[in-house]
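The structure appears below as structure tokens.
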Amino acid sequence: MSEERISFSADGTTYHAFYFGEHVARYALAYNACRGARVLDIACGEGYGSRLMRDWGAADVLGIDISPDAIARARKYFATDGVEYQCASALDLRTAVDGTKFDLIVSLETIEHLESPHLFLRALTECVAPGGTIIISCPNDHAYGETNNPFHLRKYTFEEFRTLTEEVLGKADEWLLGTPALGHCHLSPDALPAEATSARDVLKTATHRAQPWMIPPQAGTRAQTENCAYYVGRWGPAALTPAIVTAPQSLPASIEIWRLYDSAQKTITRLREENERLRLAQILLAERSTLSTFDVPAVDGKWQRRRRKWLRSIRKRLGIAA
């Protein structure tokens, strides 16, 4: 599961390109839309996304978050001209913005935390400027199986998220699915990307022109609404930027991941086989216990013949002599 919130304190989140890539990719959806815009970043966390949007050309950005600690670190680490951080609840937007209208409102992974999502969505309609754009993302918690995120009040399927948002905001202008990707990229040996040594190095994020090519995924791994990482909806004229956020890896580092994956798959297969052997052994032991406890008539009927054949097949599978 992705990090719920990236912490930039000295003892906070350890930089991991996979997790950071997911967080930056969501903000990168607003890369084109934020240029020249007055932006409201709801649930901004510790402020790195607000700062990125300002660096990408936003006229000014207001980042709000309910956590005083997060806002304090945002002001400490990501303060810059044109970016303001304010401690406020997403359910109290009207008070927080004090009548200000925004050209772009970004709400990433917020709605699943709220007790009153309809109230929140109605507030967005009051805060967006005429002709403005709203971008909302929601995690697909169902893709994590039985794991429950203690910070999320509700799990949304894609259809549930779409129905909820469109009830208030109207039909969305665009839908995208966020999902991990595998691949390769090309780098100039004279302009290699900087390496991150701490979480705050996320601001070393760079954009490089690249022609994207998508090849078919392996059988059984295609991303769909049921198994993607998150969903994104856009209401308004500024189109989403279908960004592909990559963290170039050395070949040994990349191969090691797949070696570990292959080893894990073999271990899983071996454990399943051993579990099946134990199940069959339990059946055989139970049968022996029954035979030694009860006086079974030696009637050589159809049922007894089938039963002996079944027990012989179990012994054969377990490698036990009859």
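With the numbering used here applied, the sequence shown covers 160 to 481.
Cβ coordinates follow ideal geometry from the N, Cα and C atoms, glycine included.
Please read all numbers here as calculations on a predicted model, not as lab measurements.
Where does residue i sit, in a helix, a strand or coil, going by DSSP?
i      : result
Ala423 : helix
Ala288 : strand
Trp417 : helix
Gly206 : coil
Asp200 : strand
Leu336 : strand
Tyr174 : coil
Tyr390 : strand
Pro298 : strand
Ile473 : helix
Arg466 : helix
Phe453 : Only weak support exists for where Phe453 lies, its pLDDT of 44 falling under 50; the value from the coordinates is given anyway. Coil.
Leu439 : helix
Asp214 : helix
Asp219 : strand
His311 : coil
Val458 : Low confidence applies here, because Val458 scores a pLDDT of 48, under 50, leaving its location unreliable; read the following figure in that light. The answer is coil: DSSP assigns Val458 none of H, G, I, E or B.
Phe279 : helix
Glu385 : coil
Ile230 : helix
Gly241 : coil
Pro411 : helix
Leu351 : coil
Ala358 : helix
Phe179 : helix
Ala187 : helix
Thr380 : coil
Leu341 : coil
Measure how close the beta-carbons of residue i and residue j come, nearest whole angstrom, since I'm counting them as under 8 Å.
i      : j      : result
Trp394 : Ala331 : 6 Å
Val404 : Ala184 : 4 Å
Ala255 : Ile225 : Rounded, the Cβ-Cβ distance is 10 Å, inconsistent with contact.
Gly241 : Asp219 : 4 Å
Tyr390 : Phe279 : Contact flag wrong, Cβ pair sits at about 16 Å.
Arg232 : Ser168 : 6 Å
Leu335 : Leu399 : 6 Å
Ile264 : Tyr207 : Rounded, the Cβ-Cβ distance is 18 Å, inconsistent with contact.
Glu181 : Ala406 : In fact, because the Cβ distance is near 11 Å, the residues do not count as touching under 8 Å.
Ala378 : Thr338 : Going by Cβ atoms, the distance from Ala378 to Thr338 rounds to 16 Å, so no, they are not a contact pair.
Per DSSP, residue i is paired with what?
i      : result
Asp224 : Cys246
Phe261 : Val287
Leu267 : Ser296
What does the alpha-carbon distance come out to for the pair residue i and residue j?
i      : j      : result
Thr172 : Arg436 : 43 Å
Pro124 : Pro227 : The shown model of the chain, from 160 to 481, leaves out residue 124, and the question about it has no answer.
Asp262 : Lys314 : 29 Å
Glu243 : Ala196 : 14 Å
Ser347 : Trp372 : 19 Å
His311 : Leu470 : 50 Å
Ala369 : Ala358 : 25 Å
Val458 : Arg466 : Legend: pLDDT at Val458 = 48, less than 50; position of this residue unreliable, value from coordinates given subsequently. Near 12 Å, if we compare the C-alpha coordinates of Arg466 and Val458.
Glu274 : Gln245 : 21 Å
Thr452 : Ile442 : Only weak support is given to the placement of Thr452: the predicted model assigns it a pLDDT of 45, under 50, and the question is left unresolved by the model.
Val198 : Gly304 : 35 Å
Asn191 : Ile416 : 33 Å
Glu385 : Ala229 : 32 Å
Asn299 : Ile473 : 43 Å
His272 : Asn308 : 10 Å
His343 : Ala176 : 15 Å
Asp170 : Ile270 : 28 Å
Tyr186 : Leu267 : 8 Å
Val327 : Arg438 : 53 Å
Gln249 : Pro276 : Checking the sequence, you will find Ala at residue 249 rather than Gln. Those two C-alpha atoms are separated by around 10 Å.
Phe317 : Lys475 : 49 Å
Pro352 : Leu283 : 37 Å
Pro411 : Ser296 : 34 Å
Ser209 : Thr324 : 23 Å
Pro376 : Lys363 : 30 Å
Lys425 : Arg194 : 49 Å
Ala355 : Val361 : 7 Å
Ile427 : Arg418 : 14 Å
His482 : Pro289 : Limits of the chain in this structure are 160 at one end and 481 at the other, which puts residue 482 out of reach.
Ala302 : Ala189 : 25 Å
Leu252 : Cys286 : 8 Å
Gly329 : Ile294 : 13 Å
Tyr420 : Leu221 : 42 Å
Could you pull the start and end residues of the beta strand (DSSP E) that residue i belongs to?
i      : result
Val404 : Counting along the chain, Val404 falls outside any beta strand (DSSP E), and DSSP gives it neither H nor E.
Span of the alpha helix (DSSP H) holding residue i?
i      : result
Leu328 : Phe317 to Leu328
Arg253 : Leu252 to Val256
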